[in-house]
Amino acid sequence: MSYLITSNTALTNVQFPTQEGMNNPSSYINQLQETHEIPPNSEIAVSSIKVSKDGLISLNRNNNKIYTYYGEQLSVVNKSQSQVTSAPIQAYITEDLTSPQQQVSYNVDELAKVTESSLRRSVFHPMLQISNMNSKSVEVTPKRNASDTGFEGYEICVTSATNAQNDDTKISANWQPATLAQDGQGYESATGELDNPGSDPVLTLIGTDYPLSAVGGEYNTNIEDLANESLLDADWRVGLSRCTRFKTVTGGTAPVQESPSWFEDNNGGALGGGGETFFDYVAQSEITGAGKTILKLYQALYDNATEELKMVEFDYRQSRTGANEYIDMNASDVDNIIWTITGEQVKCQIISDGTTETLVSGQNASATLNLKPVNQNMWCLFPKIAIPGNAVFEVEKFDGVDITGWKYGSQQVNNATGRAEQVSCDWYAQTINLGGNRDTFFCKPIDARYMNVIGNTTAYTQVGLAGTNTINYKSIFILAESTLYKPTRFASTGRLLGFPNRSVLTAPTTQSGATICYVSDTVPQMISTGSLFVRLKNMTFSSFNMSKGSSSKIIYHLPRFDNGGSEFGALFFEPNERMYLKLNNVQPLMLNDIAVELVEPDERIAKNLTGKTIVCFHIRESKV
63 MSYLITSNTA
73 LTNVQFPTQE
83 GMNNPSSYIN
93 QLQETHEIPP
103 NSEIAVSSIK
113 VSKDGLISLN
123 RNNNKIYTYY
133 GEQLSVVNKS
143 QSQVTSAPIQ
153 AYITEDLTSP
163 QQQVSYNVDE
173 LAKVTESSLR
183 RSVFHPMLQI
193 SNMNSKSVEV
203 TPKRNASDTG
213 FEGYEICVTS
223 ATNAQNDDTK
233 ISANWQPATL
243 AQDGQGYESA
253 TGELDNPGSD
263 PVLTLIGTDY
273 PLSAVGGEYN
283 TNIEDLANES
293 LLDADWRVGL
303 SRCTRFKTVT
313 GGTAPVQESP
323 SWFEDNNGGA
333 LGGGGETFFD
343 YVAQSEITGA
353 GKTILKLYQA
363 LYDNATEELK
373 MVEFDYRQSR
383 TGANEYIDMN
393 ASDVDNIIWT
403 ITGEQVKCQI
413 ISDGTTETLV
423 SGQNASATLN
433 LKPVNQNMWC
443 LFPKIAIPGN
453 AVFEVEKFDG
463 VDITGWKYGS
473 QQVNNATGRA
483 EQVSCDWYAQ
493 TINLGGNRDT
503 FFCKPIDARY
513 MNVIGNTTAY
523 TQVGLAGTNT
533 INYKSIFILA
543 ESTLYKPTRF
553 ASTGRLLGFP
563 NRSVLTAPTT
573 QSGATICYVS
583 DTVPQMISTG
593 SLFVRLKNMT
603 FSSFNMSKGS
613 SSKIIYHLPR
623 FDNGGSEFGA
633 LFFEPNERMY
643 LKLNNVQPLM
653 LNDIAVELVE
663 PDERIAKNLT
673 GKTIVCFHIR
683 ESKV
């Protein structure tokens with residue numbers, strides 16, 4: 063007579079660090095230190111079973127949609143969506159639902175993985191994505207009882223990059239031209255130089271490898287070559303731009319996927335070309351009637367009258383300390399132009415004769431003394447530069463964000479199918495890629511908010527950094543349709559994720575540094591998988607699975623409910639009467655290991671067990 067105790071983990075291990083391979087709670091192997099001899103004419107039965115069982119969680123079109131939001135928290139009292147720079151972004155927990163009638167089921171761990179993947183694709187801000195600055199992004203983890211591993215809900219954590227993680231070595235190696243007629247070029251990392259060999263009067267390039275960090279990220283360009291008077295008087299520009307692409311024609315109407323389709327030069331404006339002329343923010347030369355070359359700042363602002371973006375001057379003279387005038391490039395030895403992004407704040411500085419002067423900081427209490435705030439369309443800002451013929455510019459510093467899987471324009475070609483596929487990196491670019499007037503429905507209204515409008519004098523406090531050195535924004539999830547956060551149509555994941563009474567998650571359960579976490583209020587509703595069965599792969603008894611019409615190694619049936627009437631969590635089964643199966647051994651059996659599996663009726667390995675599994679067997683001499 064023998065009593066065999068088997069388990070997927072060491073019996074004294076209560077933390078269960080490994081739940082894979084030979085330690086899988088549904089399929090494991092126990093090896094004996096010494097060979098065990100089973101006498102001839104023996105039989106075996108299950109004595110007892112302890113498992114920790116999760117149900118399955120079912121998804122359909124009615125509980126699959128969630129929205130992410132990264133920005134200032136809204137309130138009925140003092141902050142509506144028209145008063146902020148962000149908007150909700152929709153996501154689907156799973157993309158496996160192809161019809162309204164279809165349902166898919168996941169176990170607890172599978173749902174955590176697909177939810178995590180979905181949310182990582184929908185947090186488009188560079189500071190939240192997996193990158194050289196952020197190794198965590200969004201993490202979704204099942205919460206379990208420490209004693210019995212029973213499922214208690216989910217923990218959803220969001221981590222943001224901090225300014226301490228800025229990396230000034232991430233300078234774009236690839237610079238794309240603004241027109242097809244011009245040639246792009248690579249960045250000379252040894253010298254940091256970009257040049258115009260002279261074939262074009264002005265060569266306009268955009269660095270496409272990395273967006274600029276928004277937690278104090280700096281873009282510093284050396285323009286010392288403009289000390290040459292002939293170059294100084296030429297058309298040159300240094301600034302930042304959202305994603306732009308190749309133009310197909312010079313002048314007239316440019317493609318909608320060039321600069322924004324609501325930019326005036328894409329509609330036959332005077333300058334006739336979106337690619338060359340569009341910047342979100344730019345410092346450039348301008349020759350006065352007196353023949354002087356002065357430095358001016360421009361930005362793309364919204365014109366309510368024409369419903370277009372236009373390049374409008376920002377008059378920095380009113381905020382200059384001690385000098386209410388333009389910078390005279392002929393008289394001043396301007397060596398560097400520096401752009402810095404801190405949250406929504408845009409700062410422009412110059413270095414002249416070794417002295418740094420701030421032309422605009424983004425921190426002034428007066429709206430007219432700040433450049434427009436960075437909005438959701440501009441979360442990904444790229445270095446853009448217009449170099450006059452025979453000039454050389456040097457990019458001395460660029461705090462780029464090296465986003466994992468990055469593709470400029472958020473679109474790539476699948477080599478297997480030859481089709482264009484979306485890459486979830488840049489919200490603005492991807493929204494345009496998807497077509498169907500999504501650009502004018504989702505993107506254009508953000509550019510049209512009052513803080514971006516020409517002539518706006520209404521006060522707006524631009525968001526900077528919080529005490530954690532992250533952007534002073536909230537990472538918010540919308541689980542049910544909201545009257546504050548729009549559009550959030552058909553948001554429906556509250557019960558699925560364990561927040562049945564909260565439509566909007568705004569108050570984190572915990573916060574540690576740059577990481578905030580939301581923990582489920584209740585256990586998500588699960589469906590039962592019904593019965594399970596114990597299978598012994600390496601034993602010599604015989605059984606038959608009639609539902610499959612084949613022989614089997616099933617030895618025991620676990621009903622839906624255990625001896626205490628429980629369906630989920632820690633379950634215990636002990637048969638009132640053991641059912642013994644003959645091992646059919648006329649000779650002694652030498653047992654070196656035992657392979658235990660818990661399977662579904664079709665004998666696929668069960669996928670809803672977790673933690674510790676203990677199965678005890680009794681072997682005795684056959685009574686027959």
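Following my numbering, the numbering of the sequence shown begins with 63 at its first residue and continues without gaps.
Here a beta-carbon is modelled for each residue, glycine too, at the ideal position from N, C-alpha and C.
Just so we're clear, the structure is a prediction, and the values are computed from it rather than from any experiment.
Secondary structure remark: continuous alpha helix (DSSP H) runs of at least 4 residues inside the region 553-624, in chain order: 556-559.
For the 8 Å CB-CB criterion, residue 279 and residue 445 do not form a contact.
In terms of CA proximity to residue 126, 160 leads the group 518, 160 and 134. The residue among 562, 504 and 593 with its C-alpha nearest the C-alpha of residue 670 is 593.
Note on residue 621: under 16 other CB atoms within 10 angstroms of its CB, so exposed under the neighbour-count rule. Scanning its chain for C-beta atoms nearer than 6 Å, with the 5 sequence neighbours on each side dropped, one finds around residue 133 the residues 146, 148 and 535, in chain order. Between the alpha carbons of residue 401 and residue 455 lies a gap of roughly 15 Å.
For residue 192 against residue 199, the beta-carbon gap comes to about 5 Å, under 8 Å, which counts as contact. For the pair residue 281 and residue 553, the CB atoms are not nearer than the 8 Å cut-off. In the three-state DSSP reduction, residue 630 falls in the coil class, being neither helix nor strand. Where residue 445 is concerned, the enclosing beta strand (DSSP E) starts and stops at 444-450.
Excluding sequence positions up to five before and after residue 361, its CB lies within less than 7 Å of the CB of 342, 343, 374, 376, 433 and 434, all in the same chain and listed in chain order.
Here residue 171 has 204 as same chain residues with Cβ atoms under 7 Å from its own Cβ, once five neighbours each way along the sequence are excluded.
Exposure of residue 94 is indicated by the presence of fewer than 16 other C-beta atoms within 10 angstroms of its C-beta.
For residue 651, the beta-bridge partners assigned by DSSP are 100. Judged by their CB atoms, residue 545 and residue 399 are not nearer to each other than the 8 Å cut-off. A residue is called buried once 16 or more other Cβ atoms fall within 10 Å of its Cβ, and residue 584, having fewer, is exposed. Residue 680 is bridged by DSSP to 65 and 107. Taken in chain order, the complete beta strand (DSSP E) segments of 3 residues or longer contained in the region 468-549 are 473-475, 482-484 and 536-540. Fewer than three beta-carbon pairs drawn from the region 107-123 and the region 465-483 are found closer than 8 Å, and the two stretches are therefore not classed as touching.
Less than 8 Å separates the beta-carbon of residue 364 from that of residue 515. DSSP places residue 175 outside any beta strand (DSSP E); the residue lies instead in the alpha helix (DSSP H), whose first and last residues are 170-184. Cβ-Cβ distances below 8 Å link residue 510 to 364, 366 and 369 in the same chain, with the five nearest sequence neighbours on each side left out; the list follows chain order. Put simply, the backbone Cα of residue 169 is about 17 Å away from that of residue 675.
Setting aside the 5 residues that flank it on each side, residue 619 is surrounded in the same chain by 593 and 595, each with a C-beta closer than 7 Å to its C-beta; the list follows chain order.
Checking the DSSP bridge columns, you'll see residue 657 partnered with 91. Collapsing the DSSP output to three states places residue 379 in a helix. Look at residue 414 here: in three-state DSSP terms it is strand. In this model, residue 233 and residue 513 are separated by some 31 Å (Cα to Cα). Comparing C-alpha distances from residue 414 to each of 357, 407 and 457 shows the shortest one belongs to 357.
Taking the Cα of residue 472 as reference, the smallest distance to any Cα among 189, 449, 459 and 442 is reached at 442. Taking residue 461 as the centre and dropping the five residues before and after it, the same chain places the C-beta of 228, 230, 275, 279 and 280 closer than 6 Å to its C-beta, in chain order. Between the region 643-660 and the region 86-100 there are three or more C-beta pairs closer than 8 Å, enough to call the two in contact.
DSSP places residue 361 within a strand segment (E or B) once states are collapsed to three. 8 Å or more divides the Cβ of residue 538 from the Cβ of residue 565. Shown here, residue 440 sits in a helix according to DSSP, grouped into three states.
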